[in-house]
Amino acid sequence: MKEKFVLDFVIIGAQKCGTSALADYLSRHPEVNFCKTKEPSFFSHKYKDQNDLEKYYSYFDLKTTGIKGEASTSYSNPVYLPNTAEKLKHNFPKLKIIFVVRNPIRRIESHINHAKLNNREVSLNNQPKFVERSMYGHVLYDYSNYFSLDQILILKFEDLVNNRNLNKVSEFLNISFIDNVKIKEINKTNLRFHNLRIWNYYKKHWSLFQLFKVPKSFKLMFKQALNKLLSKQMVKTEYYKLNSDEENNIISELKDDSVIFEKITGIKYFELYK
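Be aware that the sequence shown starts at 3, since it is given in the working numbering, and climbs by one per residue.
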């Protein structure tokens with residue numbers, strides 16, 4: 003009889019919260035069979051019914067032992083909730099969720115600077131999603147309607163950066179804590195592409211490689227060559243920082259959300275980051 007596929011954990015959290023860094027850390031753990039596809043976003047974008055699951059299974063090396071997990075920031079995107087939480091619960095009722103959160107002010111700053119990589123004119127006024135993606139209370143509320151709180155681990159970005167509390171992750175997932183495996187340095191968004199034409203060329207041709215069966219060795223060689231070229235076209239730019247008025251407006255907008263967060267967890271929302 004074919005062994006039933008079980009997804010053991012997912013990492014969720016908004017962009018710029020360190021989800022990729024934690025995913026990289028766990029993918030290097032010998033007791034973890036981590037998803038081969040980065041941010042598959044399967045249950046937020048692709049899943050319609052159980053007939054689609056065979057595709058999802060292909061994202062994993064089914065011959066490898068270890069607990070299975072993946073990371074997708076879209077699973078905490080309000081646009082796809084509560085449907086995503088419901089789909090995950092329906093298919094994997096014993097699933098464990100690692101919810102990575104970050105000081106909302108710093109997360110929004112980083113998100114804005116990341117958006118500026120594409121030379122887009124962005125601000126808090128024309129991109130309300132920056133604040134919406136920091137509404138951790140609403141995300142937690144949706145997931146707590148389908149999963150018990152002992153199935154959810156709240157992890158701070160600030161601890162990830164300093165390799166703190168990784169033992170909590172190990173305990174939560176019931177895997178060994180390996181002290182010599184560390185979180186890789188989390189990249190700071192302090193660069194922008196000076197030549198957008200080259201960057202668009204890069205994105206266009208990389209997607210073609212994904213479409214056609216181009217040898218991995220050639221794709222890697224092409225990527226390295228383009229990265230070398232792009233690095234010459236990248237210039238340091240001033241890191242955008244929110245002013246005090248913008249920060250106060252964000253805190254005001256997040257007030258109701260912080261009440262929800264505190265009611266569910268018993269943790270003071272803004273004290274979480276001290």
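Glycine included, each C-beta is placed from N, C-alpha and C at the ideal position.
Please read all numbers here as calculations on a predicted model, not as lab measurements.
Boundaries (first-last residue) of the beta strand (DSSP E) holding Lys98: Counting along the chain, the beta strand (DSSP E) containing Lys98 begins and ends at Lys98 to Val103.
Whole-number beta carbon distance between Ile252 and Ile107, since they are thought to touch under 8 Å: Taking 8 Å as the upper bound for CB-CB distance, Ile107 and Ile252 are in contact here, some 6 Å apart.
Whole-angstrom distance between Ser74 and Asp63, CA atom to CA atom: In a straight line, the C-alpha of Asp63 is about 18 Å away from that of Ser74.
Cα-Cα separation, Leu157 to Gln226: Looking at the two C-alpha atoms, the distance is approximately 34 Å.
Cβ pair Tyr241, Glu160 closer than 9 Å: Taking 9 Å as the Cβ cut-off, Tyr241 and Glu160 do not qualify as a contacting pair.
Outcome for Met137 when other beta-carbon atoms lying within 10 angstroms are tallied against a minimum of 16: With 16 or more neighbouring CB atoms inside 10 Å of its own CB, Met137 falls in the buried class.
Residue interval of the beta strand (DSSP E) (run including Leu168): Careful: Leu168 lies outside any beta strand (DSSP E), inside the alpha helix (DSSP H) at Leu168 to Leu175.
When Val171, Pro32 and Phe179 are compared against Thr21, the one with the closest alpha-carbon: Ranking the options by Cα distance to Thr21, first place goes to Val171.
Between the CA atoms of Phe179 and His29 - distance to the nearest angstrom: Note that residue 29 is Ser in the sequence shown here, rather than His. One C-alpha to the other measures close to 14 Å.
Whole-angstrom distance between Glu33 and Leu90, CA atom to CA atom: Each residue's alpha carbon lies about 22 Å from the other.
Identity of the residues DSSP links to Lys158 by a beta bridge: When DSSP reads this structure, Lys158 sits in a beta bridge with Val103.
Secondary structure of Phe44, DSSP reduced to three states: Correct three-state label for Phe44: helix.
N-terminal and C-terminal residue of the alpha helix (DSSP H) that Glu88 is part of: Counting along the chain, the alpha helix (DSSP H) containing Glu88 begins and ends at Asn85 to Asn93.
Reference Lys70; option with closest CA among Ser219, His92, Tyr59 and Glu173: Of Ser219, His92, Tyr59 and Glu173, the residue nearest in Cα terms is Tyr59.
Neighbourhood of Tyr145 by C-beta, 7 Å cutoff - its chain only, sequence neighbours within 5 removed: Cβ within range, chain order: Ala87, Ile99 and Ile154.
Selected residue, minimal CA-CA separation from Leu274, among Asp247, Arg166, Ala117 and Val103: The candidate whose alpha carbon is nearest that of Leu274 is Val103.
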